[in-house]
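Visitor:
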Amino acid sequence: MTIDNSNKFVVIDVETTGNRPQDGDRMIEIGLAVVRADGITNRFSSFVSCDREIPAFVSRLTGITKDDLLDAPSFSELAPDILSDLDGACLVAHHIDFDLQFLNNELARAGYDAFQGPMLDTVEMARMLYPTLDGYRLTSLADHFSLAHKNPHRAGSDAEVTGELLLLMLQKLHALPHVTLQQLEACTTDMFSGLHLCVYEAMKTARTRHYKNDSTYDIYQAFALKKQKEARMDPKAPIAFNAEHFFGMDGALASVSASFEHRGGQVEMADNVHACFSAGKHLIVEAATGTGKTLAYLYPAIFKSREKNAPVVIATETVALQQQIKDRDVPLLEKGLGLPMEATVLKGRGHYLCLQKFALFLEEIRGARQASYDEHLSAAQLLIWLTETETGDVEELNLPNGGYALWEELKSDQESCTRSNCTYFSRCYYPRAKNNARQADIIITNHALLFTDHFHGTRTLPAYEYLIVDEAHHLEEAAGRHLGASISYQHFMRLHNQFGVQEHAGLFANISVFIDTHPTAVSADWLNERKQELHSLHHEWNQLFTALQTAIVQKDKRKWKKSEVYIPEEVVDTHVFDVWKRVEASGRDVIRAWRSFVHAVKKEALTPPEETLLQKLDTLCNDLEEAQTILASLLTSEEKNQVYWAESDANQRPDRLRLYRRPINISEQLAEDFFTNAKSIVLTSATLTVKESFQYTIDQLGLTDARPECLQLPSPFQYEKQAQLLVPEDFPEIRLDGEERFTEAVAQFLRALTFRVNGRMLVLFTSHQMVKGVAKLMKPHMQDLNYSLFAQGVSGDNRSKLVKQFRSHERSMLMGTTTFWEGIDLPGEDVRALVIVRLPFAPPDDPVYMAKSKQIEANGGSAFSRLALPRAVLRFKQGFGRLIRTKRDRGLVFVLDKRLIQARYGKVFLRSLPTVPSLFAPSEELLARAEEFYRQGDDIR
Numbered sequence: 001m002t003i004d005n006s007n008k009f010v011v012i013d014v015e016t017t018g019n020r021p022q023d024g025d026r027m028i029e030i031g032l033a034v035v036r037a038d039g040i041t042n043r044f045s046s047f048v049s050c051d052r053e054i055p056a057f058v059s060r061l062t063g064i065t066k067d068d069l070l071d072a073p074s075f076s077e078l079a080p081d082i083l084s085d086l087d088g089a090c091l092v093a094h095h096i097d098f099d100l101q102f103l104n105n106e107l108a109r110a111g112y113d114a115f116q117g118p119m120l121d122t123v124e125m126a127r128m129l130y131p132t133l134d135g136y137r138l139t140s141l142a143d144h145f146s147l148a149h150k151n152p153h154r155a156g157s158d159a160e161v162t163g164e165l166l167l168l169m170l171q172k173l174h175a176l177p178h179v180t181l182q183q184l185e186a187c188t189t190d191m192f193s194g195l196h197l198c199v200y201e202a203m204k205t206a207r208t209r210h211y212k213n214d215s216t217y218d219i220y221q222a223f224a225l226k227k228q229k230e231a232r233m234d235p236k237a238p239i240a241f242n243a244e245h246f247f248g249m250d251g252a253l254a255s256v257s258a259s260f261e262h263r264g265g266q267v268e269m270a271d272n273v274h275a276c277f278s279a280g281k282h283l284i285v286e287a288a289t290g291t292g293k294t295l296a297y298l299y300p301a302i303f304k305s306r307e308k309n310a311p312v313v314i315a316t317e318t319v320a321l322q323q324q325i326k327d328r329d330v331p332l333l334e335k336g337l338g339l340p341m342e343a344t345v346l347k348g349r350g351h352y353l354c355l356q357k358f359a360l361f362l363e364e365i366r367g368a369r370q371a372s373y374d375e376h377l378s379a380a381q382l383l384i385w386l387t388e389t390e391t392g393d394v395e396e397l398n399l400p401n402g403g404y405a406l407w408e409e410l411k412s413d414q415e416s417c418t419r420s421n422c423t424y425f426s427r428c429y430y431p432r433a434k435n436n437a438r439q440a441d442i443i444i445t446n447h448a449l450l451f452t453d454h455f456h457g458t459r460t461l462p463a464y465e466y467l468i469v470d471e472a473h474h475l476e477e478a479a480g481r482h483l484g485a486s487i488s489y490q491h492f493m494r495l496h497n498q499f500g501v502q503e504h505a506g507l508f509a510n511i512s513v514f515i516d517t518h519p520t521a522v523s524a525d526w527l528n529e530r531k532q533e534l535h536s537l538h539h540e541w542n543q544l545f546t547a548l549q550t551a552i553v554q555k556d557k558r559k560w561k562k563s564e565v566y567i568p569e570e571v572v573d574t575h576v577f578d579v580w581k582r583v584e585a586s587g588r589d590v591i592r593a594w595r596s597f598v599h600a601v602k603k604e605a606l607t608p609p610e611e612t613l614l615q616k617l618d619t620l621c622n623d624l625e626e627a628q629t630i631l632a633s634l635l636t637s638e639e640k641n642q643v644y645w646a647e648s649d650a651n652q653r654p655d656r657l658r659l660y661r662r663p664i665n666i667s668e669q670l671a672e673d674f675f676t677n678a679k680s681i682v683l684t685s686a687t688l689t690v691k692e693s694f695q696y697t698i699d700q701l702g703l704t705d706a707r708p709e710c711l712q713l714p715s716p717f718q719y720e721k722q723a724q725l726l727v728p729e730d731f732p733e734i735r736l737d738g739e740e741r742f743t744e745a746v747a748q749f750l751r752a753l754t755f756r757v758n759g760r761m762l763v764l765f766t767s768h769q770m771v772k773g774v775a776k777l778m779k780p781h782m783q784d785l786n787y788s789l790f791a792q793g794v795s796g797d798n799r800s801k802l803v804k805q806f807r808s809h810e811r812s813m814l815m816g817t818t819t820f821w822e823g824i825d826l827p828g829e830d831v832r833a834l835v836i837v838r839l840p841f842a843p844p845d846d847p848v849y850m851a852k853s854k855q856i857e858a859n860g861g862s863a864f865s866r867l868a869l870p871r872a873v874l875r876f877k878q879g880f881g882r883l884i885r886t887k888r889d890r891g892l893v894f895v896l897d898k899r900l901i902q903a904r905y906g907k908v909f910l911r912s913l914p915t916v917p918s919l920f921a922p923s924e925e926l927l928a929r930a931e932e933f934y935r936q937g938d939d940i941r
């Protein structure tokens with residue numbers, strides 16, 4: 001199917017009473033758009049009469065009421081014209097399965113045959129051609145491509161926008177290099193719609209194009225890659241450091257930034273970072289929201305990098321902050337300095353694609369491998385992405401669920417990499433990322449890589465003397481994760497599936513082909529023996545995890561708990577130990593047999609794909625051996641200063657079991673090992689102090705003897721004018737009134753608050769269960785209140801998508817737990833009210849918290865004052881900081897927990913907040929205060 005006028009596409013969209021025509025749901029509106037090469041040549045839409053009531057939610061979504069259908073034609077009256085348009089056409093729809101089932105249902109009712117022509121699904125096509133987009137809803141795509149979409153959820157408008165989208169996608173498809181289209185042909189054959197026909201037609205026109213001297217693509221072996229920028233070899237100019245001038249009212253930054261605001265704290269922080277770098281000292285900086293801390297540390301970092309001709313490393317906890325630094329802050333700093341900077345993002349090796357592995361996978365799906373739909377779609381996405389990516393980083397991609405399992409197979413890894421012997425080495429993303437890091441002024445990485453590199457010796461980062469750790473309140477937890485270990489049943493199943501025994505695909509299928517071409521290597525009987533060994537190992541794993549489930553998680557059958565602490569020597573009783581020994585022996589046999597095979601056949605003359613196959617097999621053996629070693633450490637050895645626990649789901653299924661080990665206290669290890677690794681380390685965050693003291697952070701990170709410099713910078717915001725803190729005195733308490741009564745009170749208060757806020761509300765919880773309970777109580781009322789509700793675990797789990805949906809509705813409520821307390825930036829009207837449901841104390845049954853508490857108590861300390869309270873205060877400060885993000889923001893913070901005012905420790909929370917007017921009063925009085933507050937603000941606007 002080409003985009004010339006020899007082909008006709010008919011885009012269809014239908015609005016319906018529901019989504020199940022087999023249960024009587026009917027079409028109530030149909031829209032068509034006829035598309036040819038020169039655009040949309042015909043449009044048609046009509047209401048469709050039906051004998052089915054229109055549900056209220058459908059009317060709210062579409063605006064269609066029963067009155068609209070009173071004089072509407074029946075589908076049988078419309079059918080002749082619709083079939084005339086469809087004659088000889090390719091049928092196109094966004095989620096074609098939905099529209100097609102209703103079209104065919106109405107055709108059958110009218111006495112016509114079902115549509116049998118070619119079809120295209122624009123969702124499938126968009127996922128393939130735009131693999132880095134956040135979502136593929138029609139409204140999202142229309143926004144992304146700036147397509148006018150006047151009436152979403154109306155058939156005519158949806159059909160027209162889908163038609164315009166189709167033209168854009170066909171143009172992109174036909175502009176792809178021939179080598180990419182060749183590979184796409186194999187990936188799209190088993191797609192749901194006729195995408196492969198479009199690829200085939202595009203291939204015919206692509207043969208006439210030449211890309212040898214093209215500035216866009218690098219045609220290399222099996223792939224068309226985006227041509228990489230030449231590395232700048234210009235000498236790096238030195239920089240004179242003067243923070244007051246750079247950040248001053250009439251300084252360099254003010255001259256290039258329209259939104260510039262002079263901030264005294266920013267200058268002070270930059271000077272302190274510079275001074276500590278120069279003196280070789282460590283520095284801890286709490287920079288409150290609005291300080292401008294990122295630029296405040298970037299400026300002295302680039303100065304030090306140029307002075308020493310070596311990169312400065314910046315490590316963050318979240319990907320979002322990494323991208324913000326790279327895409328927003330570094331370009332602004334470059335403009336202010338008036339010279340280019342080299343800043344690069346560097347991640348762990350597994351983030352990068354191995355081209356050699358991908359090339360082998362594409363050969364496999366052309367041969368014996370029976371790939372799944374998700375694998376085919378993911379491979380097609382990767383092929384398009386290779387023409388666009390500069391990094392090869394998986395974080396850029398939006399893969400289907402099964403695509404991430406495929407990524408585990410295709411990612412770069414040390415064991416299978418042949419380095420300079422690899423035919424793709426000159427184009428490999430991982431060594432390129434490392435080389436870019438060596439040449440950079442600034443390396444932006446994450447806490448995970450920082451500790452993996454340091455504690456496990458992966459040597460991804462180049463040597464560095466100066467380190468800045470942002471989001472440093474996460475540092476101890478991140479270090480603990482990397483000094484611990486975990487393993488799950490699912491991990492073993494993934495390893496088993498990579499062999500492909502069950503599906504007659506994967507490595508087994510390829511090794512079978514290998515043996516056919518190398519008959520002297522091993523016999524077919526040998527391969528069957530290996531298959532039987534793997535089946536036996538799979539059986540032993542099932543037995544072991546079932547036994548562990550019984551011994552650990554189900555020891556107290558009265559109540560399910562997410563986590564259950566265990567002591568290895570108590571768990572590994574006679575039965576568990578016997579099963580474990582069988583697992584250990586079976587795993588050892590499997591690894592020994594396959595390694596012997598690899599060693600033997602390496603002596604034969606092998607093709608590059610065969611060498612890659614053996615490398616994959618060798619890597620899989622290493623992965624299996626590592627998994628067995630980790631499992632052994634979690635079951636058979638108990639180390640001091642470690643806590644062991646298991647997690648499962650509410651159904652207590654063995655296949656959901658995961659075992660963990662974490663160090664209890666890592667302060668000594670960090671002090672003796674990590675903080676001595678660099679000349680100067682700067683730790684910064686918006687939340688590092690409790691009661692205006694850094695002592696908790698210093699103790700947790702083992703910095704007492706290092707005597708770091710400490711700097712606390714207040715927010716430049718006028719909280720006394722911009723915000724108020726309101727606590728209802730008549731609210732129930734969980735301890736006295738029970739969780740059910742408290743949950744009902746929260747829902748009731750939120751319903752009342754919506755009338756006063758008349759805008760977006762962020763509600764922060766400490767319990768997933770309570771989010772679901774409140775959302776369930778709120779949901780029936782939200783439509784009457786004209787509010788949209790987005791609740792974590794109810795509306796979805798993807799934080800970025802939930803936040804995006806929340807921001808797209810003027811009257812909306814977002815409910816979330818842990819990850820929503822920080823890291824989301826919602827300035828201005830994005831949040832008019834913040835509700836903190838309970839003070840964020842850690843769950844008392846959290847295994848690491850329990851172990852730390854016991855250790856503190858055993859040493860004569862108070863676990864509450866030294867651990868529980870400081871943690872809760874820091875989390876509370878993070879949550880509070882979601883409300884006021886700029887000098888122009890106004891809003892209210894409601895805390896539905898009387899302990900903030902009544903408990904003795906409540907003043908610790910209050911002392912850790914900026915000065916803000918507060919009121920402790922009955923709910924009705926607070927609601928009246930809220931109404932007055934927002935009315936005054938709206939009058940000002």
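Each residue of the sequence shown is one higher than the last, beginning at 1 in the UniProt record's numbering.
Idealized CB from N, CA, C, for every residue including glycine.
Cβ of F806 within 8 Å of Cβ of S800?
Guide: no
Visitor: Taking buried to mean at least 16 other C-beta atoms within 10 Å of its own C-beta, is D939 buried or exposed?
Guide: Below a pLDDT of 50, predicted positions are generally treated as unreliable, and D939, at 45, falls in that range; no measurement from the model is reported.
Visitor: Express the C-alpha separation of H781 and G773 in angstroms, rounding to a whole number.
Guide: 14 Å
Visitor: How many Å lie between A222 and A359 at the Cα?
Guide: Cα to Cα, the separation comes out at about 7 Å.
Visitor: According to DSSP, F98 sits in a beta bridge with which residue or residues?
Guide: DSSP lists no partner for F98.
Visitor: Who does W645 pair with in a DSSP beta bridge?
Guide: V565, Y660
Visitor: Do the CB positions of P914 and S715 come within less than 8 Å of each other?
Guide: yes
Visitor: Please give me, in chain order, every unbroken run of the alpha helix (DSSP H) with length at least 4 that falls completely inside the segment 479-524.
Guide: 489-499, 506-517
Visitor: Going by the CB atoms, is the gap between V771 and Q792 shorter than 8 Å?
Guide: yes
Visitor: Can you give me the C-alpha to C-alpha distance between V14 and G39, rounded to a whole angstrom?
Guide: 21 Å
Visitor: Determine the extent of the alpha helix (DSSP H) in which G879 is found, giving its start and end residues.
Guide: 869-880
Visitor: Could you name the residues that DSSP lists as bridge partners for I82?
Guide: None, per the DSSP bridge assignment.
Visitor: Suppose you measure from the CA of A287 to the CA of E672; what does that come to, to the nearest Å?
Guide: 27 Å
Visitor: Taking the C-alpha atoms as reference points, what is the distance between A440 and I314?
Guide: 12 Å
Visitor: With DSSP collapsed to three states, give me the class of F277.
Guide: Residue state, collapsed to three classes: helix.
Visitor: Return the residue from the list A600, D393, T629, I567 that minimises the CA-CA distance to K581.
Guide: T629
Visitor: Starting from S46, follow the alpha helix (DSSP H) in both directions and report where the run begins and ends.
Guide: Here S46 belongs to no alpha helix (DSSP H); instead the beta strand (DSSP E) covers 39-47.
Visitor: Work out the CA separation of D143 and I28 for me, nearest whole Å.
Guide: 26 Å
Visitor: Exposed or buried, S685, counting other C-beta atoms within 10 Å across all chains shown (16 or more means buried)?
Guide: buried
Visitor: Under the rule that 16 or more other beta-carbon atoms within 10 Å means buried, what is S680, buried or exposed?
Guide: buried
Visitor: Less than 8 Å between the beta carbons of S923 and F765, yes or no?
Guide: No; because the gap between Cβ atoms is not below 8 Å, this pair is not in contact.
Visitor: Going by DSSP, what residue range makes up the alpha helix (DSSP H) through L173?
Guide: 155-174
Visitor: Hey, out of T17, K898, Q712, Y660, whose CA is closest to N272's CA?
Guide: Q712
Visitor: From V394, K877, H351, V727, pick the residue whose C-alpha is nearest to that of R899; which is it?
Guide: V727
Visitor: Under the DSSP definition of a beta bridge, which residues are partnered with Q370?
Guide: In DSSP, Q370 forms no bridge with anything.
Visitor: By DSSP's criteria, Y466 is part of a beta bridge. Which residues make up the other side?
Guide: The partner list for Y466 (beta bridge, DSSP) reads S680.
Visitor: Taking 8 Å as the cut-off, does the segment 695-702 touch the segment 470-477 (at least 3 CB pairs, one atom from each stretch)?
Guide: yes
Visitor: Compare the C-alpha of S45 against each of D67, V10, Q171 and name the closest.
Guide: Comparing Cα positions, the closest option is V10.
Visitor: How would you label T389, buried or exposed, when you count the other beta carbons within 10 angstroms and need 16 or more for buried?
Guide: buried
Visitor: Going by CA-CA distance only, name the one from Y136, E261, S278, S795 that's closest to L295.
Guide: The option with the nearest alpha carbon to L295 is E261.
Visitor: From the DSSP output, read off the bridge partner residues of M119.
Guide: DSSP output for M119 lists L91 as bridge partner(s).
Visitor: Is P238 helix, strand or coil when you go by DSSP?
Guide: coil
Visitor: Taking the alpha-carbon positions, what's the K308 to E363 distance?
Guide: Those two C-alpha atoms are separated by around 48 Å.
Visitor: Where does K721 fall in DSSP's three states?
Guide: helix
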